[in-house]
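Quick note: the sequence shown uses the working numbering, first residue 9, plus one each step.
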Amino acid sequence: MQVWRSIDDVSSLLRTGLAWTCYSDCDYGITSTLRCGFLIFQVQPAGKRLMTASRAAGKERAVYLKDYRPPDYRIDHVHLGFSMDEESTQVHARLDVVGNGVSLGRPLVLDGRELDLKSIALDGRRLNPRKDYRVDAEHLTIPRVPGRFTLEIETEIHPRNNTTLMGLYVSGGNFCTQCEAEGFRKITYFLDRPDVMARYTTTIVADKLRYPVLLSNGNPVERVDLGDGRHRATWVDPHPKPSYLFALVAGDLACVEDQFVTRSGRPVLLHMYVQHHNADKCGHAMASLKKAMQWDECVFGREYDLDIYQIVAVDDFNMGAMENKGLNVFNSVYVLARPDTATDADYQAIERVIAHEYFHNWSGNRVTCRDWFQLSLKEGFTVFRDQEFGADATSRGVARVQDVNVLRTHQFREDAGPMAHPVRPESYVEINNFYTTTVYNKGAEVVRMLKELIGADGFRRGADLYFERHDGQAVTTDDFVKSMEDANGVNLSQFRLWYSQAGTPQVHIGRAYDARSGIYILHVRQTCPSTPGQPRKEPFHIPLAIALLDDEGRELPVRLMGEHSGVVGTRVLQLRQTEETFVCVSVLQEPVPSLLRGFSAPVRLQSDLSDSERCFLLGRDGDPFSRWEAGQQLAAGLILNLATQSRKQSTQPLNPQFVDAFRATLRSNDLDKAMIAQVLTLPSESYLADLMVPVDPQALHDARVSVLRSLAQTLRDDLLAVYRDNVGRGGYSVDPESVGRRSLKNLCLSYLMELDDPEVRAMCVGQFQRGDNMTDVMAALRALANNDCHERRDALAAFHKKWQGEPLVLDKWFALQATSRLPQTLAEVKALTRHPAFTLKNPNRVRALIGSFCTGNPARFHDRSGSGYAFLADQALKIDRLNPQVAARLVGVLSLWRKYEARRQALMKRQLERILAAPALSRDVHEIASKSLGSAGAKGKGRGGVRRRSRRRS
Ligand code: 7ML
Ligand code: ZN
Numbered sequence: 009m010q011v012w013r014s015i016d017d018v019s020s021l022l023r024t025g026l027a028w029t030c031y032s033d034c035d036y037g038i039t040s041t042l043r044c045g046f047l048i049f050q051v052q053p054a055g056k057r058l059m060t061a062s063r064a065a066g067k068e069r070a071v072y073l074k075d076y077r078p079p080d081y082r083i084d085h086v087h088l089g090f091s092m093d094e095e096s097t098q099v100h101a102r103l104d105v106v107g108n109g110v111s112l113g114r115p116l117v118l119d120g121r122e123l124d125l126k127s128i129a130l131d132g133r134r135l136n137p138r139k140d141y142r143v144d145a146e147h148l149t150i151p152r153v154p155g156r157f158t159l160e161i162e163t164e165i166h167p168r169n170n171t172t173l174m175g176l177y178v179s180g181g182n183f184c185t186q187c188e189a190e191g192f193r194k195i196t197y198f199l200d201r202p203d204v205m206a207r208y209t210t211t212i213v214a215d216k217l218r219y220p221v222l223l224s225n226g227n228p229v230e231r232v233d234l235g236d237g238r239h240r241a242t243w244v245d246p247h248p249k250p251s252y253l254f255a256l257v258a259g260d261l262a263c264v265e266d267q268f269v270t271r272s273g274r275p276v277l278l279h280m281y282v283q284h285h286n287a288d289k290c291g292h293a294m295a296s297l298k299k300a301m302q303w304d305e306c307v308f309g310r311e312y313d314l315d316i317y318q319i320v321a322v323d324d325f326n327m328g329a330m331e332n333k334g335l336n337v338f339n340s341v342y343v344l345a346r347p348d349t350a351t352d353a354d355y356q357a358i359e360r361v362i363a364h365e366y367f368h369n370w371s372g373n374r375v376t377c378r379d380w381f382q383l384s385l386k387e388g389f390t391v392f393r394d395q396e397f398g399a400d401a402t403s404r405g406v407a408r409v410q411d412v413n414v415l416r417t418h419q420f421r422e423d424a425g426p427m428a429h430p431v432r433p434e435s436y437v438e439i440n441n442f443y444t445t446t447v448y449n450k451g452a453e454v455v456r457m458l459k460e461l462i463g464a465d466g467f468r469r470g471a472d473l474y475f476e477r478h479d480g481q482a483v484t485t486d487d488f489v490k491s492m493e494d495a496n497g498v499n500l501s502q503f504r505l506w507y508s509q510a511g512t513p514q515v516h517i518g519r520a521y522d523a524r525s526g527i528y529i530l531h532v533r534q535t536c537p538s539t540p541g542q543p544r545k546e547p548f549h550i551p552l553a554i555a556l557l558d559d560e561g562r563e564l565p566v567r568l569m570g571e572h573s574g575v576v577g578t579r580v581l582q583l584r585q586t587e588e589t590f591v592c593v594s595v596l597q598e599p600v601p602s603l604l605r606g607f608s609a610p611v612r613l614q615s616d617l618s619d620s621e622r623c624f625l626l627g628r629d630g631d632p633f634s635r636w637e638a639g640q641q642l643a644a645g646l647i648l649n650l651a652t653q654s655r656k657q658s659t660q661p662l663n664p665q666f667v668d669a670f671r672a673t674l675r676s677n678d679l680d681k682a683m684i685a686q687v688l689t690l691p692s693e694s695y696l697a698d699l700m701v702p703v704d705p706q707a708l709h710d711a712r713v714s715v716l717r718s719l720a721q722t723l724r725d726d727l728l729a730v731y732r733d734n735v736g737r738g739g740y741s742v743d744p745e746s747v748g749r750r751s752l753k754n755l756c757l758s759y760l761m762e763l764d765d766p767e768v769r770a771m772c773v774g775q776f777q778r779g780d781n782m783t784d785v786m787a788a789l790r791a792l793a794n795n796d797c798h799e800r801r802d803a804l805a806a807f808h809k810k811w812q813g814e815p816l817v818l819d820k821w822f823a824l825q826a827t828s829r830l831p832q833t834l835a836e837v838k839a840l841t842r843h844p845a846f847t848l849k850n851p852n853r854v855r856a857l858i859g860s861f862c863t864g865n866p867a868r869f870h871d872r873s874g875s876g877y878a879f880l881a882d883q884a885l886k887i888d889r890l891n892p893q894v895a896a897r898l899v900g901v902l903s904l905w906r907k908y909e910a911r912r913q914a915l916m917k918r919q920l921e922r923i924l925a926a927p928a929l930s931r932d933v934h935e936i937a938s939k940s941l942g943s944a945g946a947k948g949k950g951r952g953g954v955r956r957r958s959r960r961r962s
């Protein structure tokens, strides 16, 4: 790639006769573009065809939901032929196209990007580039077509140069694809939108030795040795699908095989493809897959629908995994596990992600999205399904706590910042930026609320109707809600606001009790802060699960005024107005209310509970979530108090009531150990940051550490005893009981390591050296990495020496150092970017080192000097040239700059401005940076300075 800065440069370029692609963005030709800045050309060897015409940007507008129109043409069948070559792969596409009636006379406009178009024929007649069609950087337009015809298109693509990891690319010497959301258009020209569903036949030709495994969607129908060192495989997928679900894999991979017999007796082959040396790390993923298949049959009545289910693990992947029909492609981090290489948390994540992708086969593939504004239709629902699966696999309480933690630390923050958007967004500039925690996690909460409101049986009826009514269709979130309504005879029109209004509602609950009349009143008020583009909100329809507890913690009957009898246990109140009063009668003693049980709605709850009431709930509430929540509120109050006090006062002792409740929980025998560990885990710094205005990350960090230390000092003996009681006996196993034991033991260790006590440190080193499983080893190493001692250096070096050949374990080594609280961490992170094993091309490695530092180490990242912000910007700009999606995620960290105190605000803003001013910025990063700053791009106006994501390479 070369940058040309002057007219002379350009003229000499044009004289060379080389083909070029202009990545500048001016509508008015080269000379005026030169005046605004400089040009970026991709130069190819002479004689090669021009691949992409120069692009006029400034046309990069937002796409709006209100502009949705059904497609003019449908594509019934697709025959794809691939001739695999890393340098240049030939793609032959034969499309059976049908006009939809009203389309008569309208041009056919296919999507396509960075494609080298070789030829195009309509019903067998070769089209003439000068008069039959037009090509620009994003489309192929054929002005005149008949009502029904066959189009044959030959293109050439360049997988080895594809660093964006969208479309067809190479990972570890193997070919793989990622097409969601708009990657298919980087493979061939197509109607690349989810409401165009076609049947696919895929033929792959490749070198037999280098690529013995050739895979695509559906069922294998043919394998032929071509005799010239190449072979050919053909796959037919009988289910119509959108292009984003297409997949192809070619490579030299080991296949781990198993089988599942469906409820109706059909056998399904299960094939897991991994690099040969990883064949011993597939057992857990395979077991998880079978568990998920069975669960979907039992809980949702959904069976698998092909003869074969394939999973391929690749090391280079932008996201977690992808649900391509019959051929899931996974980030290897969500497949590979062995006790000595993966932690309990990794095992759990694998189980969840495997289930998530499997569940998409119905919620996503059989019933798909009409357009990308409906993304939460498949993602919110599927996250809900994987959450329920996780809850059934381990303990419901622990699973709920984990899911709520994710929601509150990430989604609530997103909802409170400049990137806030509804679960069903109204517009986007780059769809890849809308795979957000709002679409996924809040989307799942919205589905969960539907279940709360209509009950488990009604919810299942609604889901059955949805799958039956829309099988094979591309539909909307509205269709989903309609099925829930129709199956249950309820009206959910107000509930639909959860899809269209952004922002986290605040619910204030006040209470009053009159002993003489036995009347207990809950006064509930809801408000919702304004979000970008939505200054005012309508009141939401909120399910509010509550119970009233007597002084022993028993649930009292809740009987609302006008009812004949009460309900014992949890009761779901339905809040619809801005303000509502719920009057409970026959309440014989003043109760302690247990509010928002199970986190029945994604809201911020404000109540006037006292600390002693919270301590009571922490010890007595029958709802495990509420018990945990009471502890979190107490701890958060304590830490926030400390963080906002002056230094002198910050050594005050802990509230003894809290310490007692903490000690009692440690010793509790009515909670399982995993739950005890959750309850005793202090709220994270990022969750606390959401509660502090303005945020001072250093003060929060110091306050949290000081509470940890005080608790460790006061409870040293108890913590040591619980640690010793839970040291593993016998072999390692990942059953929930053993996992719980390890998490409690390692929590005790992390508290004890706050004491700077040689005895404890020796214990920790012992656990590191003798640990027979990665959970224990990592827990010990994490504690050591936070302490400036010689044991730290030795342990990190030993770990590196042992695991340098295992990329996923090496990622842990990078991440651990990036999240160390020690003051020299940024310097160490910078040094690690020069480590021979570090590369900006691998998203997992970038997330391990750079992502962990910027999101998992608030105190160091937000250093008052601003050095963390400058580091982020430096790295993001470099990554943007390779992989805009990964860069955009990183830049998103700066979006919350307005939440910090003035000095940090200015420093963060400066880096955002610097990013925005950088030349040749991707559309992905531009959208995030401009929306973060609240500038014009946020409204989707045209602007300059943006290039297309491209395969620029010199
Ligand atoms: C969520 C995924 C993507 C992006 C996976 C990519 C997916 C899109 C894909 C929960 C569990 C596992 C993965 C993901 C996730 C962000 C998150 N369709 O299946 O949603
Ligand atoms: Zn998904």
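All C-beta atoms, glycine included, are put in the ideal place defined by N, C-alpha and C.
The model shown is predicted, which means the values in this text are computed figures rather than measured ones.
Simplified DSSP assignment, three categories, for residue i
| i | result |
| --- | --- |
| ILE195 | coil |
| THR163 | strand |
| GLY398 | helix |
| GLY37 | For GLY37, the predicted model reports a pLDDT of 27, less than 50, meaning its position is unreliable; a value from the coordinates is still stated below. Note: GLY37 maps to helix in three-state DSSP. |
| GLU331 | coil |
| GLY942 | coil |
| LYS126 | strand |
| LEU625 | helix |
| ARG800 | helix |
| ASP522 | strand |
| VAL768 | helix |
Beta-carbon separation (whole angstroms), residue i vs residue j, contact threshold 8 angstroms
| i | j | result |
| --- | --- | --- |
| PRO702 | TYR908 | 6 angstroms |
| ARG931 | GLU122 | With 8 angstroms as the limit, ARG931 and GLU122 do not qualify as a contact, their Cβ atoms being about 14 angstroms apart. |
| LEU335 | LEU223 | 6 angstroms |
| PRO610 | THR485 | The Cβ separation is near 16 angstroms, so there is no contact. |
| GLN514 | GLN614 | 6 angstroms |
| ASP622 | LEU642 | The sequence shown places Arg at residue 622, rather than the Asp named in the question. Sure, about 5 angstroms apart at Cβ, within 8 angstroms. |
| PRO851 | ASN326 | 6 angstroms |
Residue from the options whose Cα sits closest to the Cα of residue i
| i | options | result |
| --- | --- | --- |
| ALA787 | GLY109, LYS545, LYS820 and ARG801 | LYS820 |
| ILE527 | GLU814, PRO275, TYR448 and VAL566 | VAL566 |
| GLU693 | THR827, VAL600 and GLY627 | THR827 |
| PRO866 | ALA914, PHE776, ALA895 and ALA707 | ALA707 |
| MET301 | ALA321, ALA329, VAL282 and ASP266 | ASP266 |
| GLN640 | VAL361, ARG562, ALA845 and MET683 | MET683 |
| ARG374 | ALA145, PHE475 and GLY813 | PHE475 |
| GLY774 | ASN795, GLU799, LEU763 and TYR759 | GLU799 |
| ASN911 | LYS939, ASP871, ILE936 and LYS289 | It should be noted that the sequence gives Arg, not Asn, for residue 911. Among LYS939, ASP871, ILE936 and LYS289, the Cα nearest to that of ARG911 is on ASP871. |
| ASP796 | MET782, PHE776, VAL837 and THR833 | THR833 |
| GLN534 | SER525, GLN542 and PRO551 | PRO551 |
| LEU596 | ARG432, ARG240, GLY630 and ALA523 | ALA523 |
| GLN392 | TYR448, VAL341, GLY738 and GLY425 | Per the sequence presented here, residue 392 reads as Phe, with Gln not at that position. Checking every option, the nearest Cα to that of PHE392 belongs to TYR448. |
| PRO599 | LEU583, PHE624, ASP559 and GLU637 | ASP559 |
Proximity test, residue i beta-carbon vs the ligand COA heavy atom, cut-off 7 angstroms
| i | result |
| --- | --- |
| GLU493 | The ligand COA is absent from the structure shown, which contains only the ligand 7ML and the ligand ZN. |
### Query
Relative to the ligand ZN, what is the chain-ordered list of residues with a Cβ closer than 6 angstroms to any of its non-hydrogen atoms?
The set, ordered by position in the chain, is HIS364, HIS368, GLU387 and THR390.
### Task
Quick one: which unbroken alpha helix (DSSP H) runs of 4-plus residues sit fully inside the region 889–936? Chain order, please.
Entirely contained in the region 889–936, the alpha helix (DSSP H) runs reaching 4 residues are, in chain order, 892–899 and 910–925.
### Query
Can you give, in chain order, each stretch of the alpha helix (DSSP H) that sits fully within the region 486–520 and has at least 4 residues?
Counting only runs of at least 4 residues, the region 486–520 fully encloses the following alpha helix (DSSP H) elements, listed from N- to C-terminal order: 505–508.
### Task
Pick out the complete alpha helix (DSSP H) segments inside the region 576–630, 4 residues or longer, and give them in chain order.
Segments of the alpha helix (DSSP H) lying fully in the region 576–630: 619–628.
### Task
Give, in chain order, every unbroken run of the beta strand (DSSP E) that is at least 3 residues long and sits entirely within the region 204–245.
List check, beta strand (DSSP E) in window: 206–215, 221–224 and 227–233.
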